[in-house]
Amino acid sequence: MMTWPVAEVDAIRRLRVLAAAVPGAVVAEATYDAPFAQVWAVAADLEHELPVYLPDVRTLRITRREGDRLEAYARGYAGMRARFDIVLRPGWCVMRSRFLLGGMAAVPDGERTRFAFLSGVHFPGQRALAPGLTRLGRIASPHVLNRLAEQVRLRS
Amino acid sequence: MNEDLVRVIRAAQRGDGLAMAELLDVLTPVVARWCGPIALQDAADAAQEALIAIFRGIGFLVEPAALFGWARTITVREAVRVARRTARERPAELPELPSRDDPMLAVDIGDVLARLTPEHRAVLMLRDLEGLDERAAAELLGVPAGTVKSRLSRARDNFRKGWQA
Numbered sequence: 001m002m003t004w005p006v007a008e009v010d011a012i013r014r015l016r017v018l019a020a021a022v023p024g025a026v027v028a029e030a031t032y033d034a035p036f037a038q039v040w041a042v043a044a045d046l047e048h049e050l051p052v053y054l055p056d057v058r059t060l061r062i063t064r065r066e067g068d069r070l071e072a073y074a075r076g077y078a079g080m081r082a083r084f085d086i087v088l089r090p091g092w093c094v095m096r097s098r099f100l101l102g103g104m105a106a107v108p109d110g111e112r113t114r115f116a117f118l119s120g121v122h123f124p125g126q127r128a129l130a131p132g133l134t135r136l137g138r139i140a141s142p143h144v145l146n147r148l149a150e151q152v153r154l155r156s
Numbered sequence: 157m158n159e160d161l162v163r164v165i166r167a168a169q170r171g172d173g174l175a176m177a178e179l180l181d182v183l184t185p186v187v188a189r190w191c192g193p194i195a196l197q198d199a200a201d202a203a204q205e206a207l208i209a210i211f212r213g214i215g216f217l218v219e220p221a222a223l224f225g226w227a228r229t230i231t232v233r234e235a236v237r238v239a240r241r242t243a244r245e246r247p248a249e250l251p252e253l254p255s256r257d258d259p260m261l262a263v264d265i266g267d268v269l270a271r272l273t274p275e276h277r278a279v280l281m282l283r284d285l286e287g288l289d290e291r292a293a294a295e296l297l298g299v300p301a302g303t304v305k306s307r308l309s310r311a312r313d314n315f316r317k318g319w320q321a
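Order-wise, the sequence lines are chains A and B.
Under the numbering used here, the first sequence has 141 at position 141, and the numbering climbs by one with no breaks.
Under the numbering used here, the second sequence has 212 at position 56, and the numbering climbs by one with no breaks.
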């Protein structure tokens, strides 16, 4: 039987697409010296680990879970409270509140793991703010990747 | 097109990131299928660039029902552009496109594709995977119908020569 070639579009490529489509969104990427299961166990543990690797979030509570769809409420240190709609499945997570968009993607690379983190803000007028938001994201994202690496190391 | 998908498209057009992610789930497999035969070893890059072009332009899609045809046009053009950029094709020994029922196609599609230019691969994919006729393929590639016809016929002859050699 004839088998046509099909492109392999992994989760990190898909996260890059999302970042390119949302004005002001930024993707930062890193390769961790840990297997996929270990990295994703930390990244996907949103209630316990997200407040550790995302410096702005104090608590996150999941209030609903239906398949890969979640609803969560997050509290920030400045007292801000936000409801998030989340898609979470192995190697892929996208979180959206009224103003914020977050995303994570992980792809196994032998015994290592390629990981990407997306941060963005979406609200009316965002296009005008996009260059500033992009700069902010570029500064903040490497810290998130480093904190996550530290959490992965601590759990191993 | 079902109502849920129309809602997702409309939300993505308003800049809703979660809706964009949902639409990405729908479009990624088809874009991957379109890019594979055209861009070959560069297919993953081509698919990523095609998806970026699709999502950056999603606001220009007037009729949600036209999503797949619109996305296919963008994808085929991006895939040809990416494949041409790397210029790994072997135009000197350009073979011709085999006919739809040619047993040679079934033997080794990878070998057939490797002998064609990106444009020929696009025509072959549009014809055999998407069921387009020459006029539609021409429209999609942005070339006059006659050009596609001659590309098809030239590709067919060269392909036969390649296999008979």
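Even glycine gets a Cβ: it sits at the ideal position worked out from N, Cα and C.
None of these values were measured; they are calculated from a predicted model.
Query: Cutoff 6 Å; reference A209 of chain B; Cβ partners in own chain excluding five residues on either side; Result: I230 and E234
Query: Assigned exposure category for V218 of chain B - 16 Cβ within 10 Å defines buried; Result: exposed
Query: Residue-chain proximity (A292 of chain B, chain A), Cβ-Cβ < 7 Å; Result: no
Query: Near-chain B residues of the stretch 83–107 of chain A - C-beta to any C-beta below 7 Å; Result: D85, V87, V94, R96 and L101
Query: Sequence-distant residues of the same chain with beta carbon closer than 6 Å to D10 of chain A, five excluded per side; Result: V107
Query: Close Cβ partners of P247 of chain B (< 8 Å) along its chain, the five nearest in sequence each way excluded; Result: In this prediction, P247 of chain B scores a pLDDT of 49, lower than 50, which makes its location untrustworthy; no coordinate-derived value is stated.
Query: Test item: CB-CB of S97 of chain A and V26 of chain A under 7 Å; Result: no
Query: Cβ contact check for the stretch 179–195 of chain B and the stretch 13–26 of chain A: 3 or more pairs under 8 Å; Result: yes
Query: Whole-angstrom distance between M157 of chain B and A30 of chain A, CA atom to CA atom; Result: 39 Å
Query: Whole-number beta carbon distance between R13 of chain A and Q204 of chain B, since they are thought to touch under 8 Å; Result: 5 Å
Query: Straight-line gap, L223 of chain B to M80 of chain A (C-alpha atoms, nearest Å); Result: 38 Å
Query: Per-residue DSSP class, three states only, for G192 of chain B; Result: helix
Query: Same chain, Cβ closer than 7 Å to V238 of chain B, five either side skipped, listed in chain order; Result: A195, D198, D201, A202 and E205
Query: Beta-ladder partner(s) of A105 of chain A, from DSSP; Result: A:W92 and A:A116
Query: C-alpha gap between P193 of chain B and W4 of chain A, whole angstroms; Result: 6 Å
Query: Proximal chain A residues relative to Q204 of chain B, where beta-carbon distance stays under 7 Å; Result: V9, R13, R16 and V17
Query: Helix, strand or coil at F99 of chain A according to DSSP, with G and I counted as helix; Result: coil
Query: Beta-carbon proximity list for A168 of chain B, same chain, < 7 Å, skipping 5 on both sides; Result: A175, M176, L179 and I214
Query: For T31 of chain A, the three-state DSSP class (helix, strand or coil); Result: strand
Query: Three-state secondary structure assigned by DSSP to A44 of chain A; Result: coil
Query: CB contact below 7 Å: V162 of chain B versus chain A; Result: no
Query: Those residues which DSSP pairs with I230 of chain B across a bridge; Result: Its beta-bridge partners do not exist; DSSP assigns none.
Query: Spatial neighbours of V42 of chain A in its chain, beta-carbon cut-off 6 Å, leaving aside the 5 residues before and after; Result: E49, Q151, V152 and R155
Query: Of the residues B:A270, B:V232, B:D267 and B:W190, the one placed nearest L285 of chain B, counting alpha carbons only; Result: B:W190
Query: Chain B contact for A43 of chain A (CB, 7 Å cutoff); Result: no
Query: Under 7 Å by beta carbon: chain C residues contacting P193 of chain B; Result: This model lacks chain C altogether; the protein chains it does include are A and B.
Query: Secondary structure of R58 of chain A, DSSP reduced to three states; Result: strand
Query: Chain A contact for A177 of chain B (CB, 7 Å cutoff); Result: yes
Query: Any chain B beta carbon closer than 7 Å to V57 of chain A; Result: no
Query: Closer than 9 Å at the beta carbon, the chain A residues around A188 of chain B; Result: V6, A7, E8 and V9
Query: Beta-ladder partner(s) of I181 of chain A, from DSSP; Result: Since the first residue of chain A shown is 1 and the last is 156, residue 181 of chain A is not available in this structure.
Query: Element boundaries [alpha helix (DSSP H), containing R291 of chain B]; Result: E290 to L297
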